[in-house]
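Protein chains in written order, with my numbering: chain P, 61 to 387; chain E, 28 to 333; chain C, 795 to 1241. Glycine is no exception: its CB is placed at the ideal position from the N, C-alpha and C atoms. This report concerns only the one structure given below.
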Amino acid sequence: MKPIISLSPHVHGGDSVQKNMYGVCIALVPALIACIYFFGLGAAIVLAASVVSCVFFEWAITKFILRRNVCTICDGSAVLTGLLLGFNLPSNLPLWIIVIGALFAIGVGKMTFGGLGQNPFNPALVGRVFLLISFPVQMTTWPQVHQTLAYTDATTAATPLSIMQEAISSGDPTVLSKLPSFEEMLIGATGGSLGEVSALLLLLGCLFMIWRKIITWHIPVSILGTVAVFAAILHASNPVYAVPTQVLCSGGLMLGACFMATDYVTSPMTEKGQIIYGISIGILTVIIRNWGAYPEGMSFAILIMNAFTPLINTYCKPQRFGEEVKK
Amino acid sequence: MNLILIAVIVLGVIGLVSALVLYIISNKFAVHEDPRIAQVSEVLPQANCGGCGYPGCSGFAAACVKAADAGSLEGRFCPVGGQPVMDQVAGILGLAAVASAPKVAVVRCNGTCENRPRNAEFDGAVSCRVKNMTGLGDTGCGYGCLGCGDCVAKCQFDALKMDPETGLPVVDEEKCTACGACSKACPRGIIEIRLKGPKGRRVVVLCNNKDKGAIANKACKASCIGCGKCVKTCEKFEAITLENNLAYIDAEKCKMCRKCEEACPKGAIHAFNFPPRKPKTEEPAVQGTPDTPKTPNQNVEPAKAE
Amino acid sequence: MKTFHIGGVHPAENKLSAGSPIREAALPKQAVFSMFQHIGAPAKPVVQKGDIVKVGTLLAEAGGFVSAPVYSSVSGKVNKIDAVLDASGTRRMAIIIDVEGDEWEESIDRSKDLVRLADRPELDSKTIVDKIKNAGIVGLGGATFPCHVKLTPPPGCKAECVIINAVECEPYLTADHRLMLEHADEILVGVELIMKAVNVTKGYIGIENNKPDAIKLMTEKAKQYPNIEIVPLKVKYPQGGEKQLIDAVIGRQVPAPPAIPINVGAVVQNVGTAFAIYEAVMKNKPLIDRIITVTGKSVKNPSNLLARLGTPFQQLIDECGGLPEDTGKIIGGGPMMGKALLSLEVPMTKGSSGLLIMNEKDARRSEPQPCIRCAKCVSACPMGLEPFLLSKLSAMEEWEMAEKNDIVSCIECGSCQFTCPSKRPLLDMIRVGKTTVMGIIRSRTAK
């Protein structure tokens, strides 16, 4: 009998990359059901196209361009990128644009840097921003809800974010009365991208991930907390700014805070760093939303802070055992 | 029209001012360096391998200039550039070049998969340094090659390759520059930078095992058991010493007679780059050298009675 | 419930032998005594081939201050002194004895009645430490640090309390658990002896919460000793690490090396060591046997054996049903920090707390994947380090940066590699870095 030798430890806790990636996918399922309920066929097509394209491009690039014989699509990260990219798109986006977006997200956003674990920017957001800048019209016409069988022919309407931006630019607080009720925004009966639905269900997914120890509370809580506080201060100073509860449920904030900013590869590695990261994203999001040209600031805020992650990692070291806390 | 003129003038002025500022600063903060260092550095191979013992080629150039001021280039040699480069350096500095005998890396282990059975399976990071920390490794010899290729990874000149059949690294003598990186990378000190020898010929004990003979013999068919027969055959030249159950041939004293190679009962001594001769006894297969094949199935002559 | 504050993981406990009472293992036919059974200078043999020895005869004297003597655990004749494969995985000097009979030195008191500290008023601090030193007692938790050195605080350091490590955080191992259930009285006297040796008036015994019967029994017995407090601790690995235990029990964190526990006033000893100290001081018995847990999922009778030092592991596994068919790894110690052995011929030493037979399926590692920067290793590290970074720096040979990131503080507990979803060999690479950086620091301070 030939014994196996290796250095300790000789056991493993059983965690794997697949468990984490598919765990996040499972956390997205309630929101997925909601978005198909609200946006119908369009949603289903967009999400399916996004996932299939991302997985295909990752497989093709790994096999034919990088010539590596490993099965990277098995680890579930391409599926997750596809889902998250899909959630950032409107449900009436034509197929060819989705495919281009997937190619950019995976090809440029992930594979050029060396594949899983090497990318400095969130691939789904890289894809989304690329599409936003390349196809601004298609990417900013948002269908209304409850058009179950519509796809590219869906009727479009203003979204809560565009209403909020109108209120600020016109200086007229009564514009805000056009916003859907808080309950509607919580459940998701509003126009917007697929992932902008149902803050409630996204939050449930986030709690699921925290329970399964896929992510920790630091990033979502610091982003949402900062946005709530900043929005409250703004609202108190001038009623053209919406109330914090509606701000929190609007746009891609919930999706971004819970699923995009918490991406392992592009977020800081220590608790202290994650809180700084979260607070900065919160501040940047509110600034871009209220004083920037775009109604949605979340994607840009996250991408900007992704660039700062290595710096945050260098300066925010965990507390070493035995180190005196200097206060 | 006015606008264009203003733009051109403004940009032109900015350009001139910047140029002036850069000129002043580059002169004020210029680092004064002996111009000979740059001249010497130019003829060096720029491999920055550290084989000369100095930090990079610029470090070596500075050391050469310093040595030249002291009088002689003794002890300074670039193994990558070799004698031609050192002659050039000497020329630049106005000195006579010091001749230095060429060296090459030698893997002093013949514990192939056939000679040295594996009695365990290693599972872990594929690194010789890690495998070495498990103790003996996956064979009975705690001094032999671990086969994970730390040396191959370190070679900047593509001179080392792992032979998948024998499990040992093979040195390409044409490409090896004797920089010593592989020798430092080996956690067991198996690779030695030895004199290349006249016509590239050398006789080496291909074993690093310091265990007692019985233990070494059990672990590997091609091991040195410290019997001392080779030492006896070299009484005239005294080139072989036996220490810690291991024989060692001093390359400076070796006269290439190959008597020790014949005397070794285990075939642990190997002669590199000699013309082939009829093998008298069956010896275990040796890896890696082109001119002296010793695989048993190349015995075309009948074995001579001893 | 108390526990340490930074990091930690929860491996499956698998305490298969927790219900097995301690039983004596049979005498071996040949006993092998390594000269390297402790941290420090190797022991120096004082016997030669052909000498007749009894149980308790001195075989080798200590090789220096940080060293320990080795006593024979069998009676018989010295066969030879030679290099043998030992639990370190390398061949080192050992004394090999052919066993004949079971004759003990007369000086050893083999009676079982309890001797209390109050019965021996002549025992003062110095006498106790000397007796411990001469008996060859070393840390039995597995670290094998010579006990008398720990009980002799360096000048400028003063001990404030004694903490007994009865945590046994490694999965599978149950030797300390059974020892507490069966020898609680002797252990408490041993703790008293340690407290007397370092002149402190407060002692703690930390026991993890997965041993409620031991906690209950020890708490009951400790009522007679008002200065000894039983501290139940929340189950978390690596609570048995010295520094983590001190943090859990008294809330003080030992600073980075070269600081040691005595710098925060704590003296930590394993509960098995406390028992050995009782036997050494009160019964004149040198360290010649210890309890070893022989266990594994496929082992027929997982047991806690009281075995003589020098017994080959082969014999111990034979007494527990033999080596299972599906064996993949033979581990000396526990699964988190134990050493995978080349063969069962390896002899038992003072530090052998366990023999774990792992089946082939569990023993094989999975193929590593790229680092996904999930930071779970950072959360798991009990020393507050960043294993992903230290592993990468070691692979890239960036020793300066590794030193700046406190690689020498790593206690090699394995929590990082245990947690990593990408199954990366983090600790393998960190070990390479740690050894190299410690070598660099040594040569720097030597100049």
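For residue i, which three-state DSSP category applies?
i	result
E:L273	strand
C:W898	strand
P:L126	coil
C:Q824	strand
C:K1228	helix
C:R1167	coil
C:P1181	helix
E:T268	strand
P:Q379	coil
E:E148	strand
C:A837	coil
E:H297	strand
C:T1087	strand
C:C955	strand
E:I217	coil
E:K237	coil
C:A937	coil
Measuring CB to CB, does residue i end up less than 8 Å from residue j?
i	j	result
P:G231	P:V300	yes
P:T250	P:V197	no
P:I30	P:E118	Absent from the structure is residue 30 of chain P, since the part of chain P shown begins at 61 and ends at 387.
P:K62	E:A147	yes
P:L144	P:M320	yes
E:A278	E:R229	yes
P:S151	P:F99	yes
P:I372	P:I336	yes
P:S340	P:M358	no
P:C266	P:K332	no
P:A91	P:L308	no
E:V231	E:A274	no
Got a sec, what are the start and stop residues for the beta strand (DSSP E) residue i sits in?
i	result
P:P90	Not the beta strand (DSSP E): P:P90 falls in the alpha helix (DSSP H), residues 77-120.
P:L221	Where P:L221 is concerned, there is no enclosing beta strand (DSSP E), although the alpha helix (DSSP H) it sits in stretches over 220-230.
C:I1124	1121-1126
P:A184	Careful: P:A184 lies outside any beta strand (DSSP E), inside the alpha helix (DSSP H) at 183-194.
C:D979	It is not in any beta strand (DSSP E) - C:D979 instead sits in the alpha helix (DSSP H) that spans 978-991.
P:L284	Element bounds for P:L284: not the beta strand (DSSP E) but the alpha helix (DSSP H), 278-297.
C:M1152	1148-1153
E:L187	187-189
C:L1100	1097-1102
Name the residue from the options whose alpha carbon lies nearest to the alpha carbon of residue i.
i	options	result
E:A152	E:V133, E:Q73, E:D177, E:C172	E:D177
E:C251	E:T260, E:E270, E:C281	E:E270
C:E807	C:V1043, C:D896, C:N1003, C:K1198	C:N1003
C:Q1038	C:F1212, C:S1237, C:G857, C:C1207	C:C1207
C:T1213	C:I1071, C:A1169, C:Y998	C:A1169
C:V1093	C:M1223, C:A862, C:L1149, C:L1136	C:L1149
P:R349	P:V168, P:A227, P:S327, P:I121	P:A227
C:E897	C:I1001, C:S869, C:I926	C:S869
C:P1051	P:T345, P:V130, P:R380	P:R380
C:G1000	C:V994, C:A1042, C:M989, C:A969	C:A1042
Would you mind reading off the limits of the alpha helix (DSSP H) that contains residue i?
i	result
C:Y1072	1065-1077
P:R373	With the sequence shown as reference, residue 373 of chain P is identified as Asn, and Arg is not the correct amino acid for it. Residues 358-375.
P:I270	259-271
C:A1196	1193-1198
P:M61	No alpha helix (DSSP H) holds P:M61; DSSP gives it neither H nor E.
P:M245	242-247
C:H942	941-944
P:L145	137-147
Whole runs of the alpha helix (DSSP H) within the region 849-905 of chain C, excluding any shorter than 4 residues: none
Please specify which runs of the beta strand (DSSP E), each continuous and at least 3 residues long, are wholly inside the region 1008-1037 of chain C, giving them in chain order. 1022-1027
To test your reading of the DSSP string, which unbroken alpha helix (DSSP H) runs of 4 or more residues are found completely within the region 84-127 of chain E? 109-120
Go through the region 1201-1226 of chain C residue by residue and report every complete run of the alpha helix (DSSP H) that reaches 4 residues or more, in order. 1209-1213
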